[in-house]
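In my numbering, the protein residues as written are 6 to 399.
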Ligand SMILES: *Cc1c(COP(=O)(O)O)cnc(C)c1O
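In structure tokens form, the structure reads like this:
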């Protein structure tokens, strides 16, 4: 007989989703009300303000797209890129490749700037591409490349885009809430994120923000946006109409939005800077433990993301066996490598609610023990000691 599904209790330390705070799950279980109910609309207004805080922007068009991060990506490209547009696309991992696909499907021409996986986007190479492409309209890049654990300089890349009369389209799915991101101060024109990484909300929503320059482009397109669902000219009638009236576009995912509201409220209560610092502190603990176990990071130190730690799988250790063991014996999920890094790296996320010292110690202990079971010989106690020493010195 089929019964209700009761998921196991896991600790999620992969590339997302991350552990969801129980307060957020509770918010999600509250009664569903109409998506045009005045009380719901009041909640939506607060949600927009909380998102403006998280993005550090006063952009009026700051709202969650009713679909996962990939839909936020598609919202940016589908609304901004018109047929024949040349777009500089920076690729240093999986997600830059998806940006390229988006540009092609919008009828645009991607001009690829490739940097080795595991490195930050090469700014000089982007400048060369801009000089060689005088009619380029956009520079698109991933701030936090979750597939490799590398962080790119979003401020410098945005400034460079502007010097060449381009708008900057930024993927902040893994950076939002986890590492410094200042949309207005850096001048980012269009940006998207996801609910399930450092915001620690349930998956399925994608916060986006467009500044006036970007919006003007959307409003004045000679060709209609190819996607009806993602066309911001239509979505704004529900989320952002000038006169405050709301008209039906699609049924908002009511309970999921309660959850995002709660997640952003928790971020605001903690304080953005404190959240950034917490992710960095816990990363330093994790690093100390991993290094003591002789495990290497694949990203140079100054380009590392604190919330996503990409590490080389030690010689002779089998990827799937270790991850399966961690999941079955420790209820701990860590991430596999993607594309050319499959079988070569693990990705240890410590995002949002999952980023805490207990989890870091648990992860070092579990990984060390499992590695030793598979024939690696590492001093787990010393690794835990090193992590605790970092914690004590913070
Ligand atoms: C997770 C992720 C996405 C896609 O988000 P989904 O919610 O899985 O659609 C896009 N970009 C980056 C950098 C990501 O980490």
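We put the beta carbon where it would ideally sit given N, CA and C, even for glycine.
Please read all numbers here as calculations on a predicted model, not as lab measurements.
- Remark: the shortest separation between the CB of residue 100 and any heavy atom of ligand 1 falls under 7 Å.
- Going by DSSP, residue 274 is part of no beta strand (DSSP E) but of the alpha helix (DSSP H) stretching over 259-275.
- In the DSSP annotation of this structure, the continuous segment of the beta strand (DSSP E) that includes residue 96 starts and ends at 91-96.
- By the Cβ test, the stretch 151-170 is in contact with the stretch 132-143, since at least three Cβ pairs between them sit closer than 8 Å.
- Minimum Cα-Cα distance from residue 384 among the listed residues 300, 324, 357, 359 corresponds to 300.
- In this structure, residue 279 sits away from residue 355, with a CB-CB distance that is not shorter than 8 Å.
- Contact between the stretch 364-376 and the stretch 384-397 is established, with three or more Cβ pairs separated by less than 8 Å.
- Secondary structure note for residue 176: its beta strand (DSSP E) is the uninterrupted segment 172-176.
- Non-local beta-carbon contacts of residue 32 in its own chain, meaning distances under 6 Å to residues more than five positions away in sequence, involve 263, 264, 267 in chain order.
- The beta-carbon separation of residue 205 and residue 24, rounded to 6 Å, stays under the 8 Å limit for a contact.
- Here residue 13 has 336 as same chain residues with Cβ atoms under 8 Å from its own Cβ, once five neighbours each way along the sequence are excluded.
- In chain order, 97, 98, 153, 345, 346 place their CB closer than 7 Å to the CB of residue 122, counting only its own chain and leaving out the 5 sequence neighbours on each side.
- At a Cβ-Cβ threshold of 8 Å, residue 197 and residue 223 do not count as neighbours.
- Residue 316 places its beta carbon 8 Å or farther from that of residue 369.
- Cβ atoms of residue 379 and residue 339 stay farther apart than 8 Å, at about 15 Å.
- For the pair residue 55 and residue 246, the Cα-to-Cα distance works out to about 18 Å.
- Judged by the Cβ position, residue 123 fails to qualify as a neighbour of ligand 1 at the 7 Å threshold, every heavy atom of the ligand being at least this far.
- Taking 8 Å as the cut-off, the beta carbon of residue 131 is found closer than this to the beta carbon of residue 165.
- Taking the Cβ of residue 73 as the reference point, at least one heavy atom of ligand 1 falls within a distance shorter than 7 Å.
- As the crow flies, the alpha-carbon of residue 274 is around 17 Å from that of residue 48.
- Secondary structure of residue 311 (DSSP, three-state): coil.
- For the 8 Å CB-CB criterion, residue 149 and residue 200 do not form a contact.
- When the alpha-carbon of residue 163 is set against those of 93, 285, 113, the nearest one is in 93.
- For the pair residue 350 and residue 357, the CB atoms are not nearer than the 8 Å cut-off.
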